[in-house]
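Chains as they are written, first to last, in the working numbering: chain G, 1 to 144; chain P, 145 to 288. Heads up: the structure comes next, in structure tokens.
Protein chains: 2
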Amino acid sequence: MTAEVLHIGEVARRTGLSVHALRLYERAGLFAGEVRRDETGRRVYSTWDVEWLGNCVKFRASGMPLATISRLARLVREGTGNEAERLELLREHGRHIAAQLAQLQDCLDLINGKVAAYERHLAADGTGEPWQQQPRPGTVTPAP
Amino acid sequence: MTAEVLHIGEVARRTGLSVHALRLYERAGLFAGEVRRDETGRRVYSTWDVEWLGNCVKFRASGMPLATISRLARLVREGTGNEAERLELLREHGRHIAAQLAQLQDCLDLINGKVAAYERHLAADGTGEPWQQQPRPGTVTPAP
DNA sequence: CTAGGTGCTAGACCGAGGTCTAGGTCAACC
DNA sequence: GGTTGACCTAGACCTCGGTCTAGCACCTAG
């Protein structure tokens, strides 16, 4: 079967990235395989590229900087022999994600607490304990 | 008990924000209570401000833009009567966090899969199935 | 032949969120 | 009196990740 040939617009549609972003990603070295050109100079992508980009999109969504994806891409491009390095890079980002999960959970707890307080407040007319600035004295010390 | 008076440096140390960031946050309207000044014009913060900033830090860490925190701060500043609005804002951000959690989990699954593959690959010398470009033909179609 | 669609490059521009600098005030210490 | 340290303002600057524009090349259909 002939390898499927995709042009930039089609890849953009499939990945959800803009054509601008695709060209930017290429300049930034995010592709794990040189992007070839057809006779007239247009970029030609394979379905494998699209798959790879799918991973990139997930990496980006999880906060991996372009520079890091680029490092990974280089390792993959360089081929067999650096698997340990790739592994470490992935593990590192895994730890990063774990940290983010914890932070998000932390904030979610905060929000759920406040939401519950406001719900109580709204339902029971003042029973909740929403954010409340304590009454502000005009100056630093209470009236003498 | 006299309200504790904090200056910007101390607040920076307590919140982990830079003094620059604190001034930026003030300009951006993130404070839920006007920041007062002492006789010589230096900013004076209360422990309540520090608490509030702690929440802001969590909000930021979970991706809430300064503009949104600012909206929330305005609501709190305006006082009682807009609790329903605050509630909706918080709920909205809660949904946003849930979406992020899902994305992070998705990426984490991807990474764990790859990590497992590379581990197998490294341990069993080639058994894994790491990222592998299929052999690239010189041109688009295989040699005719 | 012309128009429309798709692609190309180089480079300008953008918004978010900070960070840093210059130049100044003030209070305290030696 | 001089120096040090914390603070002030206004505004320049930075990174990141894109987005958009100008000006051009191709191909295909009407």
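C-beta: ideal position from N, C-alpha, C; glycine also.
Use the C-beta contact count for residue i: other C-beta atoms within 10 angstroms, 16 or more gives buried, fewer gives exposed.
{"i": "G:Ala116", "result": "exposed"}
{"i": "G:Glu10", "result": "exposed"}
{"i": "P:Pro281", "result": "Here P:Pro281 scores only 48 on pLDDT, less than 50, and its place in the model is too uncertain to base an answer on."}
{"i": "G:Arg86", "result": "buried"}
{"i": "G:Gln132", "result": "exposed"}
{"i": "G:Leu53", "result": "buried"}
{"i": "P:Leu216", "result": "buried"}
{"i": "P:Leu168", "result": "exposed"}
{"i": "G:Glu92", "result": "exposed"}
{"i": "G:His20", "result": "exposed"}
{"i": "P:Glu227", "result": "buried"}
{"i": "G:His7", "result": "exposed"}
{"i": "G:Arg60", "result": "buried"}
Put residue i into one of helix, strand or coil per three-state DSSP.
{"i": "G:Leu6", "result": "strand"}
{"i": "P:Arg187", "result": "strand"}
{"i": "G:Thr141", "result": "Reliability of the predicted coordinates at G:Thr141 is poor, the pLDDT of 34 falling under 50, and no value is obtained from them."}
{"i": "P:Pro274", "result": "coil"}
Where do the N-terminal and C-terminal ends of the alpha helix (DSSP H) with residue i fall, by residue?
{"i": "P:Asp250", "result": "Glu227 to Ala268"}
{"i": "G:Arg73", "result": "The displayed chain sequence assigns Ala, not Arg, to residue 73 of chain G. Element bounds for G:Ala73: Leu66 to Glu78."}
{"i": "P:Arg170", "result": "Note on residue identity: the sequence assigns Glu, not Arg, to residue 170 of chain P. Taken as a continuous stretch (DSSP letters only), the alpha helix (DSSP H) holding P:Glu170 covers Val163 to Arg171."}
Exercise. If we count Cβ pairs, one from each stretch, closer than 8 Å, do we get three or more for the segment 220-236 of chain P versus the segment 23-41 of chain G?
Worked result: no
Exercise. At a Cβ cut of 7 Å, what residues of the segment 214-245 of chain P count as close to chain G, listed as they run along the chain?
Worked result: Val220, Glu227, Ala228, Arg230, Leu231, Leu234, Arg235, His237, Gly238, Ile241, Gln244 and Leu245
Exercise. Counting pairs of beta carbons, one from the segment 67-76 of chain G and one from the segment 167-174 of chain P, are three or more of them closer than 8 Å?
Worked result: no
Exercise. Going along the segment 45-63 of chain G in order, which residues come within less than 7 Å of chain P, judged by CB to CB distance?
Worked result: Trp48, Asn55, Lys58, Phe59, Ala61 and Ser62
Exercise. On the three-pair Cβ rule with 8 Å, is the segment 151-165 of chain P touching the segment 243-252 of chain P?
Worked result: In short, these stretches do not touch, since the Cβ pair count stays below three.
Exercise. What residues in the segment 104-127 of chain G bring their beta carbon closer than 8 Å to a beta carbon of chain P?
Worked result: Leu104, Gln105, Asp106, Cys107, Leu108, Leu110, Ile111, Asn112, Lys114, Val115, Tyr118, Glu119, His121 and Leu122
For this session: Would you list, in chain order, the members of the segment 4-26 of chain G that have their beta-carbon closer than 9 Å to a beta-carbon of chain P?
Result: Val5
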